[in-house]
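Line by line, the protein sequences are chains A and B. Residue numbering for the first sequence follows this note's numbering, starting at 175 and increasing by one per position. Residue numbering for the second sequence follows this note's numbering, starting at 22 and increasing by one per position. The C-beta atom is built at its ideal place from N, Cα and C for all residues, glycine as well.
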Amino acid sequence: MSTAGPPLALLAELTHRCPLGCPYCSNPLTLDRVRDELDTATWLRVIDEAAALGVLQVHFSGGEPLVRRDLATLIGHARAAGLYTNLITSAVLLDAPRLASLQVAGLEHVQISFQDTEPGNADRIAGFQGGHEKKLAAARMVREAGLALTINAVMHRQNLGHLSEMIDLALVLGAGRLEIAHVQYYGWALSNRSSLIPSREEVRNAVAVVAAARERLKGRLVIDHVVPDYYAHRPKACMGGWARQFMNIAPSGLVLPCHAAQGIPNLRFDSVKERSLREIWADSEAFERFRGTSWMPEPCRSCDRREIDFGGCRCQAMALTGDAGATDPACALSPHHARLLATAKAESEAVIPPSFVYRRYAKMPHEEESPA
Amino acid sequence: MSANLTAASRPGLSPHTRMKNDTARGGWVLLAPERVLMLDAIAAEILTLCDGNADIGTIADELARRHSAPREEVLGDVLEMLQELRNKGLLVA
Ligand code: SF4
Ligand code: SF4
């Protein structure tokens, strides 16, 4: 039994396959294989169920959604169902004919990730030679086609010095929106935290740069800024609160309250192969577990911010305290907060950051990597 | 390109921004790249008049007539609301 209003957005992770290997990738450490991916017919049904449930936006994501040959079909179906369609892509596989087919299908908005503004460093971070050039070309194509463009820049200590250049790049490319997302540390990013985490000083500078740019570019470029909350005083409302607005479907069909939720052990996820989206949203164990406020421990339970930030991020609580039901240690009221700050300080001050663990499929015996 | 709207501006929704009747929740919403804005009845009414042709002065005249409200007050409210949407990149003028 649930009192949840309908979800606003659906993140459709069509695949975990991706030619890039970003060391902060938000996909789980154990990636779904191509043979586990939902087929076209199931996605079409899920899109209809999402629209009927009240979802307004669908984000086609991955991995790299462009590796799915049925992408245009899915976009067309979503658009016909009245959903707003976003494509979240690394764009290295995007060429003009493909873009045209997606646009004809009804695609409205493309979000392209950039790893840095300096091509060599960008390609090094992505683990993909020549990627940066391809992204630039793809971004221009998107604008020439007249589609809305967002630049997504994931920032960390190895590119944060180029933040102003990133803002300039978004302007030059004609983006309407720039999403500056500091790395969130779970999954792959947690494995790479000591290579990625910036210092408090660097974060402070970044916040100032963004604030000034926002003022200067009002009405020209919308800048969304996800600040790294290790240095914050209060956590952010992760996903707008667990199971309140958002659902994520993994390539295999598992429905998650957030893209990182599989990092929480003993949480049972339902699959769209077995239940409808409406049933899953209403009472799936994974959604119900941290929905609302009744699951909260102290200090959240009696805190007047409990319906503002909903106790912060469950995945971060899991990663840092071993208990997904704990107050997010990013909150200064958490008993783990001081330890977190000390770790962040020590890791960000390492003179030479350790080399990256790139995101990739674990090699299994008798198995070849599936071709994209 | 001026970011400030006046009574002479002719606002319209930004490309790839659209209104939708949200039957699941009841009411109108504004859909834009990765953003959803719930509109109250009056905001929805104002935006319906923003067709890129009508200027804000004319829109205020129309609303003042419909609601028998003082025109200058209506104009102030309309400018404020539209300016906010403009700053969010949801409106062009
Ligand atoms: S974050 Fe990088 S590796 Fe992960 S899906 Fe996106 S482009 Fe691919
Ligand atoms: S104690 Fe809990 S509810 Fe209060 S601010 Fe911290 S995380 Fe949020």
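Under DSSP, A:Asn-422 shares a beta bridge with A:Leu-185 and A:Leu-430. In the three-state reduction of the DSSP assignment, A:Ala-536 falls in the coil class, being assigned neither a helical nor a strand state. One finds Lys-41 in chain B with Cβ atoms closer than 8 Å to the Cβ of A:Gly-256, taken in chain order. For A:Asn-260, a Cβ of chain B is located within less than 8 Å of the residue's own Cβ. Pairing B:Cys-71 with B:Gly-97 gives a Cβ-Cβ distance that is not under 8 Å. About 6 Å separates the beta carbon of A:Ala-460 from that of A:Pro-431, a gap short enough to meet the 8 Å contact definition.
By the Cβ-count criterion, B:Asn-74 is exposed, with fewer than 16 other Cβ atoms from all chains shown falling within 10 Å of its own Cβ.
Per DSSP, the continuous beta strand (DSSP E) segment holding B:Lys-41 begins and ends at 39-42.
Close to chain B, meaning a Cβ-Cβ distance shorter than 7 Å, is no residue of the stretch 481-503 of chain A at all. The C-beta distance from B:His-37 to A:Ala-349 rounds to 12 Å, too long to fall under 8 Å, and the pair is not in contact.
Chain-ordered, the residues whose CB falls short of 6 Å from any heavy atom of ligand 2 come out as A:Arg-408, A:Pro-409, A:Pro-473, A:Cys-474, A:Cys-477, A:Arg-479, A:Arg-480, A:Asp-483, A:Gly-485, A:Gly-486, A:Thr-501, A:Asp-502, A:Cys-505 and A:Leu-507. Near ligand 1, residues with a Cβ at less than 7 Å from any of the ligand's heavy atoms are A:Cys-192, A:Leu-194, A:Gly-195, A:Cys-196, A:Tyr-198, A:Cys-199, A:Ser-200, A:Asn-201, A:Gly-236, A:Gly-237, A:Glu-238, A:Ser-264, A:Ser-287, A:Ala-300 and A:Arg-533; the list follows chain order. Note that the C-beta distance between A:Leu-261 and A:Val-284 is below 8 Å. The three-state reading of DSSP puts A:Gln-277 in helix, counting H, G and I together.
A:Thr-324 belongs to the set of residues whose beta carbon lies under 8 Å from a beta carbon in chain B. One alpha carbon belongs to A:Arg-452, the other to A:Leu-227, and they sit about 6 Å apart. Under the DSSP definition of a beta bridge, A:Phe-288 partners with A:Ala-327. Between the beta-carbon of A:Arg-465 and that of A:Ala-417 there is about 4 Å, and that keeps the pair under the 8 Å contact cut.
Contact annotation: A:Val-278 and A:Leu-194 have beta-carbon atoms that are not nearer than 8 Å. For A:Lys-519, no CB of chain B lies under 8 Å from its own CB, so it is not counted at the interface with that chain. Boundaries of the alpha helix (DSSP H) harbouring A:Glu-375: 374-390, taken from the DSSP string. In this structure, A:Gln-490 is the residue among A:His-511, A:Arg-207, A:Ser-369 and A:Gln-490 with its C-alpha nearest to the C-alpha of A:Tyr-359. Residues of chain A whose Cβ lies closer than 8 Å to the Cβ of B:Val-50 are, in chain order, Leu-230.
Here A:Tyr-535 is not near A:Trp-362, since their CB atoms are 8 Å or more apart.
Between A:Ile-454 and A:Val-429, the C-beta spacing is below 8 Å.
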